[in-house]
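Undergrad: Quick one: this structure, given as structure tokens, is what I'll be asking you about.
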Amino acid sequence: MTNGFNMMVRHVPPLIACTIGPWDHSYQALVETGECVVSIPTADMAATVVDIGNCSGADADKFEEFDLTAVTGEKVQAPLVAECLANIECRVADTSLVASYSLFLLEPVRAWTDPSQPQPQLFHHRGDGTFTLDGPTVDLKDRMTKWKYLL
Numbered sequence: 020m021t022n023g024f025n026m027m028v029r030h031v032p033p034l035i036a037c038t039i040g041p042w043d044h045s046y047q048a049l050v051e052t053g054e055c056v057v058s059i060p061t062a063d064m065a066a067t068v069v070d071i072g073n074c075s076g077a078d079a080d081k082f083e084e085f086d087l088t089a090v091t092g093e094k095v096q097a098p099l100v101a102e103c104l105a106n107i108e109c110r111v112a113d114t115s116l117v118a119s120y121s122l123f124l125l126e127p128v129r130a131w132t133d134p135s136q137p138q139p140q141l142f143h144h145r146g147d148g149t150f151t152l153d154g155p156t157v158d159l160k161d162r163m164t165k166w167k168y169l170l
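One point on numbering: in my numbering, the residue at position 57 of the sequence shown is 76, and numbering is uninterrupted.
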């Protein structure tokens, strides 16, 4: 599935929030299995990601249809996507906001990155079919004194 509505919630322990509607095939899969993989594609995959979001996993094998490579994870049964910059294996940590907001809180249990992509350009869904591309990185780690103990 593709998911444009997600965010980091906290550092320690890490939590990711994502909204998945009950009309999506992935919603039922997440409810049934309690696990998923959050894959982070690069900007060169943007059109493919949109096309993936326009079909249902109930009707098609998206790995086959979009020529993606499924990789077995270590902690969850859901597959990683080899073509993505990063893959985060997750388990559902909290479902208390699902009924009201379709909002799942996910606990990352393993993360993978592709070292062959040292400076990838990412893209971000703006909620209306448009996307913003990453620009230059601004490093302000030395100023982030309040949260240094978490880094």
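Idealized CB from N, CA, C, for every residue including glycine.
If we count Cβ pairs, one from each stretch, closer than 8 Å, do we get three or more for the segment 73–80 versus the segment 26–34?
TA: These segments do not touch.
Undergrad: Cutting at 8 Å between CB atoms, please list the residues of its own chain near S121, excluding the five before and the five after it.
TA: Closer than 8 Å at Cβ, skipping near neighbours: T38, I39, G40, P41, Y46.
Undergrad: Determine the closest residue to S115 out of P32, V31, V50, with distance taken between C-alpha atoms.
TA: Considering only alpha carbons, the answer is V50.
Undergrad: According to DSSP, simplified to helix, strand and coil, what is I39?
TA: Residue state, collapsed to three classes: coil.
Undergrad: Going by DSSP, what residues sit across from T132 in a beta bridge?
TA: Paired residue(s): A105.
Undergrad: Measure the C-alpha to C-alpha separation of D153 and Q138 and round it to an integer number of angstroms.
TA: Cα to Cα, the separation comes out at about 11 Å.
Undergrad: Pick from A36, M64, R162, C55: whose alpha carbon is nearest that of E102?
TA: With distances taken between Cα atoms, E102 lies closest to M64.
Undergrad: With H, G and I counted as helix, E and B as strand and the rest as coil, what does DSSP make of V157?
TA: It is coil, neither helix nor strand.
Undergrad: How is D113 classed by DSSP in three states: helix, strand or coil?
TA: It is a strand residue.
Undergrad: Going by other Cβ atoms of all chains shown within 10 Å of its Cβ, with 16 needed for buried, is P60 buried or exposed?
TA: Under this definition P60 is a buried residue.
Undergrad: Under DSSP, the alpha helix (DSSP H) around F24 begins and ends at which residues?
TA: Here F24 belongs to no alpha helix (DSSP H), and DSSP marks it neither H nor E.
Undergrad: Return the residue from the list V111, D147, S135, E126 that minimises the CA-CA distance to V31.
TA: Of V111, D147, S135, E126, the residue nearest in Cα terms is E126.
Undergrad: Is it buried or exposed, V100, if we count other Cβ atoms within 10 angstroms and call 16 or more buried?
TA: Classification for V100: buried.
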